[in-house]
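Trainee: Residue numbers (this note's numbering), protein chains in the order written: chain E, 12 to 289; chain F, 320 to 658. This is the structure, below, for whatever I ask next.
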Amino acid sequence: MTATTFPAPAPAETVEDRYRSGLVTFFSDTMLIFRRQLKLSLRNPAWVIIGLIQPILYLAFFGPLLARVASGGALGVPANNPYSFFVPGLLIQLGLFGASFVGFTIIADWRAGVIERFRVTPVSRMALLAGRVLRDVLTLTVQAIVLVLAGLAFGLRAPLAGVLIGLCFVAVVAVSLAAVSYAVGLLLKSEDALAPLLNMIMVPLMLLSGIMLPMTLGPVWLRDAARATPFGYIINAMRDVFAGRYFNAVVVEGIAVSVGLAIVCLWLAGRAFAKENA
Amino acid sequence: MIIDAQGLARTFRTRKRSVEAVRGVDLTVKAGEIVGFLGPNGAGKTTTLRMLTTLLRPTAGTATVAGCDLLRDPVGVRRRIGYVPQAIGVTAGGTDPSALVGEELTIQGRVYRLSAGQAAERAALLTSQLELTGLEGRLCKTLSGGQRRRLDIALGLIHSPVVVFLDEPTTGLDPQSRSNLWDHIRGLRERLGTTVFLTTHYLEEADALCDRVLVIDHGKIIAEGVPDELKRRISGDVITLSVSADADRAQAVLTGYPGVRDLVAEGKAIRMTVTSGEQALPGVLRQLDAEGITMDSIQLARPTLDDVFLTLTGRSLRDDSPVGEPRSSNETRQAEMQP
């Protein structure tokens, strides 16, 4: 055993002096966790690429079919620029699945004891959530940019401002879903329970959001069901901004729904993370 | 008192039943003590530890840890304590398998608000003290069991806490790594005066390491004391003498001798229990000598903490708890999670 001398433990005053309170702590803690999570993600960049495979496949294997069918103008898909309809849908699909599956990573973290290790430190518990969500938003935004570039190669034409606003929608959706996914993962603590739960919730939400085809094609009951879910509003708003229409009721509705969703999701997830016992 | 807990209790409720994991624990720990919390799986060790470290809210009771009130100022407690979780069980020791050893140490320092420089300095010091030098660039998942456990401990010490809680620090380690860790834990106290509160279900660990042992079973503390004193108080020492003459005569001589009880003669051997072997033995020998009884051999056996536990609870420490009781605190923890 090494016989070097340990330094004396810090006296109580300096323990308190090290810490500042409130938002300063929250933001710096969030950045600490964000940087750590980002570093860990960059060590395994394969997941970022794997997450992109599904939407790229849709773009390549389904996009041309949709473009051909839409060329008749029958579907309510813009015949001259079908990809400005299709790519926003794929972006939301990317967000839906990319962000909602992050709950698995927190179960792995919990199992490794990482969650407990940080919960016993003075780090802000909300920062444990926020730092992770921020990392996911960054990952997803990068994936979304790649997807948009791929879309351009297939024939997407959209104004830059519209694309940027669309990416903001994706980021807000990612915040909502990642936060909820972490909270649910932390509560369930079991991959076997999380996987079926996610499928049960995400698949209907995706189908009802009108990612592939406009919901207006459906019967009234289906349109009503779609109106009860949030993502249809967001996709419609994204399609409008991709088409260069920024100031209308659809876009306002999309902004309201996405921000409202994010607030509700963050509030729920925050409660799960700040809970005294976990 | 660096730890002062009164009536600490925790009941886990599920739909079907409620489990009283800890039923009113009172304990005090003085600054600089190494205190062992000894008990079988499911006795309530980990649950108590999780309450004292702010990870679990007690259903009843209060405690002050490192000068801060557990319920009113949990963040104050967290700033001052170090915690090294159990490494074997549902959750592991706290390192991310795909993080680098050096990264883990630095982030740990940073969340305790050490500057980047201070964190690096502390990390370097702890890696050398805990024999992790040269491993800073390795992924945590590539470490051996002993190395990973030393890293877990380094993480718990990065901010020089005044009190450190170790949950089964050596479970799953080979004997060599174990005694090596014991040296490190002793060193902590010797050099820094750090208070160490550890749980264990190894008697030899409590015996080798602890100034004081608290024995817990079924969520209550059933005995407390210095390991030696505890052994003596509960079971006494066993003296076995082999006499050259017949043992019956020796038995007659010693019957009624002060402090001697449970006197048994078997052939040439005679066995007795005394409160303190060292104190009783000279007198016993003189008494026999005076009667002209000579001895071939003398054996003084001190009861192990295992015997102590057996006497206290009627169960061996190595037994599994009876069916129907939560077998480990991890299971209790899981039960709590069910909606």
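Ideal Cβ positions, reconstructed from N, Cα and C, are used throughout, including at glycine.
Within the same chain, show all residues whose beta-carbon is closer than 6 Å to that of F:VAL482, passing over the 5 residues directly before and after it, in chain order.
Mentor: Taken in chain order, the residues that qualify are ILE321, ALA385, ILE400 and THR514.
Trainee: Taking only beta-carbon positions, decide if E:GLY62 is within less than 9 Å of chain F.
Mentor: No, E:GLY62 does not count as interfacial toward chain F.
Trainee: Any beta carbon from chain F within less than 9 Å of E:ARG29's own beta carbon?
Mentor: Cβ-Cβ to chain F under 9 Å: yes for E:ARG29.
Trainee: Report the neighbours of E:GLY124 on chain F: residues whose CB is nearer than 7 Å to its CB, in chain order.
Mentor: In chain order: PRO404, THR410, ALA411, GLY412 and GLY413.
Trainee: Going by CA-CA distance only, name the one from F:ARG329, F:ARG551 and F:GLN570 that's closest to F:VAL593.
Mentor: For F:VAL593, the nearest C-alpha among the options comes from F:ARG551.
Trainee: Alpha carbon to alpha carbon, how far is F:GLU440 from E:CYS179? Give it in angstroms, no decimals.
Mentor: Straight-line Cα distance between these residues: approximately 41 Å.
Trainee: Just checking E:ALA119 against the ligand FAD - is the residue's beta carbon closer than 8 Å to any of the ligand's heavy atoms?
Mentor: Absence of the ligand FAD is noted for the structure shown, with no ligands found whatsoever.
Trainee: If you follow the beta strand (DSSP E) that F:ALA340 is in, where does it begin and where does it stop?
Mentor: Counting along the chain, the beta strand (DSSP E) containing F:ALA340 begins and ends at 337-348.
Trainee: Helix, strand or coil for F:ARG332, going by three-state DSSP, please let me know.
Mentor: F:ARG332 falls in the strand class under three-state DSSP.
Trainee: Rounded to a whole number of angstroms, what is the C-alpha to C-alpha distance between F:ARG634 and F:ASP536?
Mentor: Spanning the two alpha carbons is a distance of roughly 10 Å.
Trainee: Show which residues of chain F have a CB atom less than 8 Å away from the CB atom of E:PHE129.
Mentor: Those are VAL430, listed as they occur along chain F.
Trainee: Could you give the DSSP three-state label for F:SER417: helix, strand or coil?
Mentor: Note: F:SER417 maps to coil in three-state DSSP.
Trainee: Near E:ALA283, which residues of its chain fall below 7 Å by C-beta distance, leaving aside the five closest residues on each side in sequence?
Mentor: Correct list, in chain order: ALA194, LEU197 and LEU198.
Trainee: Do the stretch 268-278 of chain E and the stretch 353-361 of chain F touch if we need at least three Cβ pairs shorter than 8 Å?
Mentor: Too few Cβ pairs lie closer than 8 Å, so no.
Trainee: Tell me the DSSP bridge mates of F:ALA588?
Mentor: Answer is F:SER561 and F:GLU585, bridged to F:ALA588.
Trainee: For the beta strand (DSSP E) that F:GLN405 lies in, which residues bound it at each end?
Mentor: Careful: F:GLN405 lies outside any beta strand (DSSP E) and carries neither H nor E.
Trainee: Measuring straight from C-alpha to C-alpha, what distance separates F:LYS460 and E:VAL80?
Mentor: Answer to the nearest angstrom: the Cα atoms are 52 Å apart.
Trainee: Relative to chain F, which residues along the stretch 34-62 of chain E have a C-beta separation below 8 Å, given in chain order?
Mentor: Hits within the stretch, in order: ASP40, LEU43, ARG47, LYS50, LEU51, ARG54 and ASN55.
Trainee: Quick check on E:PRO133 - is its C-beta less than 9 Å from some C-beta in chain F?
Mentor: By this cut-off, E:PRO133 is an interface position.
Trainee: Determine, for E:ASP147, whether the minimum Cβ-Cβ distance to residues of chain F falls below 9 Å.
Mentor: No - not a single Cβ of chain F is within 9 Å of the one on E:ASP147.
Trainee: May I ask you to report which of helix, strand or coil DSSP gives F:VAL481?
Mentor: In this structure, F:VAL481 counts as coil in the three-state DSSP scheme.
Trainee: Identify each residue in the stretch 203-233 of chain E for which the Cβ-Cβ distance to at least one residue of chain F is less than 7 Å, and report them in chain order.
Mentor: Residues passing the 7 Å Cβ filter: none.
Trainee: Could one say the Cβ of F:SER563 lies closer than 9 Å to chain E's Cβ atoms, at least one of them?
Mentor: No, its Cβ sits nowhere closer than 9 Å to a Cβ of chain E.
Trainee: Please classify F:ILE477 as buried or exposed, where buried requires at least 16 other C-beta atoms within 10 Å of its C-beta.
Mentor: So F:ILE477 counts as buried.
Trainee: Between the beta-carbon of F:ASP486 and the beta-carbon of E:VAL125, is there less than 9 Å?
Mentor: Taking 9 Å as the Cβ cut-off, F:ASP486 and E:VAL125 do not qualify as a contacting pair.
Trainee: How would you call E:ASN247, buried or exposed, if buried means at least 16 neighbouring beta carbons within 10 angstroms?
Mentor: By the neighbour-count rule (16 or more Cβ atoms within 10 Å), E:ASN247 is buried.
Trainee: Among F:VAL348, F:LEU357 and F:THR373, which has the Cα closest to the Cα of F:ARG329?
Mentor: It is F:THR373.
Trainee: Under 9 Å between C-beta atoms, does F:GLN495 make it to chain E?
Mentor: Closer than 9 Å: no.
Trainee: Where do the ends of the beta strand (DSSP E) carrying F:ALA542 lie?
Mentor: Counting along the chain, the beta strand (DSSP E) containing F:ALA542 begins and ends at 539-544.
Trainee: Pop quiz: F:ALA382 and F:LEU327 are said to be a contact at Cβ under 8 Å. What is the actual Cβ separation, rounded to whole angstroms?
Mentor: Right, the Cβ-Cβ distance comes to about 6 Å (below 8 Å), so this counts as a contact.
Trainee: To the nearest angstrom, report how far apart E:TYR244 and E:ALA190 are at their CA atoms.
Mentor: In a straight line, the C-alpha of E:TYR244 is about 20 Å away from that of E:ALA190.
Trainee: So for E:LEU223, helix, strand or coil by DSSP?
Mentor: Looking at the sequence provided, one finds Met at residue 223 of chain E rather than Leu. In this structure, E:MET223 counts as coil in the three-state DSSP scheme.
Trainee: Along chain E, which residues have their Cβ under 8 Å away from the Cβ of F:VAL394?
Mentor: The answer, in chain order, is PRO133.
Trainee: Whose C-alpha, out of F:ARG590, F:LEU549 and F:THR490, is nearest the C-alpha of F:ILE558?
Mentor: Checking every option, the nearest Cα to that of F:ILE558 belongs to F:ARG590.
Trainee: Between which two residues does the alpha helix (DSSP H) holding F:ARG497 run?
Mentor: 494-511 is the extent of the alpha helix (DSSP H) around F:ARG497.
Trainee: Residues of chain E with CB under 7 Å from F:PRO416, in chain order?
Mentor: Going along chain E in sequence order, the residues near F:PRO416 (Cβ under 7 Å) are ALA123.
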